[in-house]
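Colleague:
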Amino acid sequence: MILIQNLRAPLEHDLQTLLNLACRRLQIEPAAVKELKVLKKSVDARDKADIHFVFHLLLGLEDAAAEELLAGRSNAEIYAEPQPPALPEAPKGILRPVVVGAGPAGLVAALILAKAGARPLLIERGRPVEQRQRDVAAFFATGRLDPSSNALFGEGGAGAFSDGKLTTGIKSPYIPFILKEFAKAGAPEEILYAAKPHIGTDFLPKMLKGLRERILSLGGEIRFGTRLSGLVLREEGLRAVWIESEEGAEELPCERLLLCIGHSARDTFAMLRESGLRMEQKAFSIGLRIEHPQALIDRAQYGEFAGHPALGAAEYKLSCHLPGGRSVYSFCMCPGGRVLAATSEEGLLNINGMSAFARDGENANSALLCSVEPGDFGGEGPLAGIEFQRRFEKKAFEAGGGRFFAPAQLVGDFLAGRESRAFGAVRPSFAPGVTPADLRACLPGFAAQAIREALPQFARRVRGFTDHESVLTGVETRSSSPLRIPRDQISLQSSIFGLYPCGEGAGYAGGILSAAADGARCAAALLEAAQNSSKGRE
Ligand SMILES: Cc1cc2nc3c(=O)[nH]c(=O)nc-3n(C[C@H](O)[C@H](O)[C@H](O)COP(=O)(O)OP(=O)(O)OC[C@H]3O[C@@H](n4cnc5c(N)ncnc54)[C@H](O)[C@@H]3O)c2cc1C
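Numbering-wise, the sequence shown is residues 1333 to 1870 according to this note's numbering.
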């Protein structure tokens, strides 16, 4: 097929418009085209008087031989579809690998291992997504937390109740494969070509069930309500793992373990430390979530075109470096979304955001985060960052008044340094509920100060950003893992031979797609090591 890049199209267009535009570029008749596919679609809103789409298109001609000729003489090229790296097959008689955690990293790792014939066992401490949806809905309604089934734990991991954004800064040869598998499993087709793809919290459960069925159909096994609780080591590395479920504790022979536990498995990190696994402190960020009417963001970003049905809800991405050396940036913006408690421990509150695929809610929300360095933790050892997070999560829980209500404040009051008493035109979307408060008391002083300094700078880029009645909710402490589990750069194994630290919790990813890609990479490394060992080369 012929690849045509950077084709400009008006907001109102259909496939016929795109075909005509592409044919005009190639100087051919539309009748010569057998197939038209959209490879990438993005919005160009740099000039608010001239907002338009930009497409990369693939054209298949009736006369296939003519494609090369045409590509040669036009501003086009023959398209070579990127292929994922070839995966080694699992050696015969391999002791089944164990994957811990059914977040994006663990699911994709288990899928790859199952495809290779390794019959992986995937264990997940939380529940299947259907039950998890009911548990999370009950939590939003009552504020009663189930520590093993919540917005962080359960099938789908931390990303199941999210906007399902699939944007990432990393480059991985596994990304096209992962996006295809996600779409096959039930994610919207649009993720295959949108420049900023998202799945939406309403499509995520369908996709997760699809992935589960695929892993099972390829010979994998999944045990929910099952927690990794211990490691059994021998001199050469891993010999077995302890797992716990309602049925009790069980020792399971295991020589290769993919550890995909996310950033919130604090009890598991403590167990791993006791077992002697090498871990180290890592920088992360802390902050608040800001909410505006989506219509305000649309107006600021799209001007006259705000509300155009082809554009959908507008996004923003902001960052600034402050004179004191700190950075503040917007993170995980959820257009037309809501704010939620993403928490897994009693008495500790951490928040985040989510949206439906249509992104059609009343408010836009985004985290505003300030960087935190290990020097800020005020403690020694690899778990000091977790203790730092806990300190501020506890303050937020208490300022909210219990039942996982969150402390919230008007932007105007935050900037003026006074407690809020009530809310105005912007209705806080947070579930279970909010309590007016002074958020400065829930943040480290440097972070509160940095966010206060950054807000006016952001208002210069997004008009209305600091409107008095915009709402801030706190606190967001788990933007990424506060620790890293070092691994060998080639074998990807940790200080314990046979244990592969993987995904966000181990410090190697910062979102759904990067965690999934790391899962793929670690699964491939595990298969390669198993192959080598079966040939006596490990
Ligand atoms: C509300 C919310 C919204 C988000 N929105 C986005 C977004 O739009 N786009 C984006 O890219 N990222 C988003 N993120 C971040 C994203 O979800 C994470 O980066 C990603 O899920 C990390 O994947 P992971 O597989 O490494 O870990 P996780 O998804 O955290 O999965 C870890 C899994 O391991 C399980 N587990 C932990 N310990 C054990 C144990 N001992 N035994 C068995 N199982 C265990 C947990 O229950 C969990 O299911 C969001 C996060 C949250 C909380």
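Where is the CB? At the ideal position from N, CA and C, for every residue including glycine.
(1) Do residue 1451 and residue 1486 have their beta-carbon atoms positioned less than 7 Å apart in this structure?
(2) Check whether the Cβ atoms of residue 1496 and residue 1532 lie closer than 7 Å to each other.
(3) Does ligand 1 have even one heavy atom less than 6 Å from the beta-carbon of residue 1467?
(4) Where residue 1414 and residue 1725 are concerned, what is the direct C-alpha to C-alpha distance, given to the nearest angstrom?
(5) Could you work out which residue in 1494, 1631, 1619 and 1574 is closest to residue 1670 when comparing CA atoms only?
(6) Quick one: is the Cβ of residue 1407 within less than 6 Å of any heavy atom of ligand 1?
(7) Let's see if you can read the secondary structure: which residues bound the beta strand (DSSP E) around residue 1666?
(8) Just to confirm the assignment: which complete beta strand (DSSP E) runs, minimum length 3, are found wholly within the segment 1724-1797?
(9) Could you check what DSSP says for residue 1805 in three-state terms: helix, strand or coil?
(10) Answer yes or no: the CB of residue 1432 versus the heavy atoms of ligand 1, is any distance below 6 Å?
(11) According to DSSP, simplified to helix, strand and coil, what is residue 1628?
(12) On a CA-only basis, which of 1358, 1622, 1453 and 1630 is nearest residue 1409? Give me that one, please.
(13) Can you tell me which of 1505, 1837, 1520 and 1709 puts its alpha carbon nearest to the alpha carbon of residue 1489?
(14) Is it true that the CB of residue 1448 sits closer than 7 Å to the CB of residue 1418?
(15) Looking at residue 1570 and residue 1431, is the spacing between their C-beta atoms short of 7 Å?
(16) May I ask you to verify whether the segment 1703-1712 touches the segment 1833-1850, counting CB pairs closer than 8 Å and requiring at least 3?
(17) Using three-state DSSP, classify residue 1508 as helix, strand or coil.
(18) Is residue 1455 near ligand 1, going by C-beta to nearest heavy atom under 6 Å?
(19) Quick check: is any heavy atom of ligand 1 less than 6 Å from the C-beta of residue 1684?
(20) Closest by CA to residue 1748, which one among 1785, 1719 and 1764?
(21) Check whether the Cβ of residue 1380 lies closer than 6 Å to any heavy atom of ligand 1, and answer yes or no.
(22) Under 8 Å, with one C-beta from each stretch per pair, do the segment 1851-1861 and the segment 1638-1649 reach the 3-pair mark?
(23) Considering only their Cβ atoms, is the gap separating residue 1484 from residue 1872 smaller than 7 Å?
(24) Would you list, in sequence order, the uninterrupted beta strand (DSSP E) runs of no fewer than 3 residues that lie entirely inside the segment 1410-1444?
(25) If you compare alpha carbons, which of 1719, 1763, 1717 and 1799 is closest to residue 1739?
(26) For residue 1550, which residues in the same chain have their Cβ closer than 7 Å to its Cβ, ignoring the five residues on either side in sequence?
(27) Confirm, please, whether the CB-CB distance from residue 1403 to residue 1334 is below 7 Å.
(28) For the candidate residues 1685, 1841 and 1823, whose alpha-carbon lies nearest to that of residue 1864?
(29) Taking only the alpha-carbon atoms, compute the straight-line gap between residue 1684 and residue 1477 and give it to the nearest angstrom.
(30) When you compare only the Cα positions, how much space is there between residue 1714 and residue 1617?
(31) Mind checking residue 1745: buried by the 16 CB within 10 Å criterion, or exposed?
(32) Taking DSSP as the reference, what is the three-state secondary structure of residue 1352?
(33) Going by CA-CA distance only, name the one from 1366, 1492 and 1462 that's closest to residue 1688.
(34) At what residues does the alpha helix (DSSP H) containing residue 1542 begin and finish?
(35) Going by C-alpha to C-alpha distance, which of 1361, 1411 and 1397 sits closest to residue 1370?
(36) When you compare the CB of residue 1468 with every CB in chain C, is at least one pair closer than 7 Å?
Modeller: Well, looking at it:
(1) no
(2) yes
(3) no
(4) 43 Å
(5) 1494
(6) no
(7) 1659-1666
(8) 1738-1742 and 1766-1768
(9) strand
(10) yes
(11) helix
(12) 1358
(13) 1837
(14) no
(15) no
(16) no
(17) helix
(18) yes
(19) yes
(20) 1785
(21) no
(22) no
(23) No information on residue 1872 is available, as it lies outside the stretch 1333 to 1870 that the chain covers here.
(24) 1430-1432
(25) 1763
(26) 1446 and 1447
(27) yes
(28) 1823
(29) 16 Å
(30) 16 Å
(31) buried
(32) helix
(33) 1492
(34) 1536-1549
(35) 1411
(36) Any reference to chain C falls outside this structure, which holds one protein chain only.
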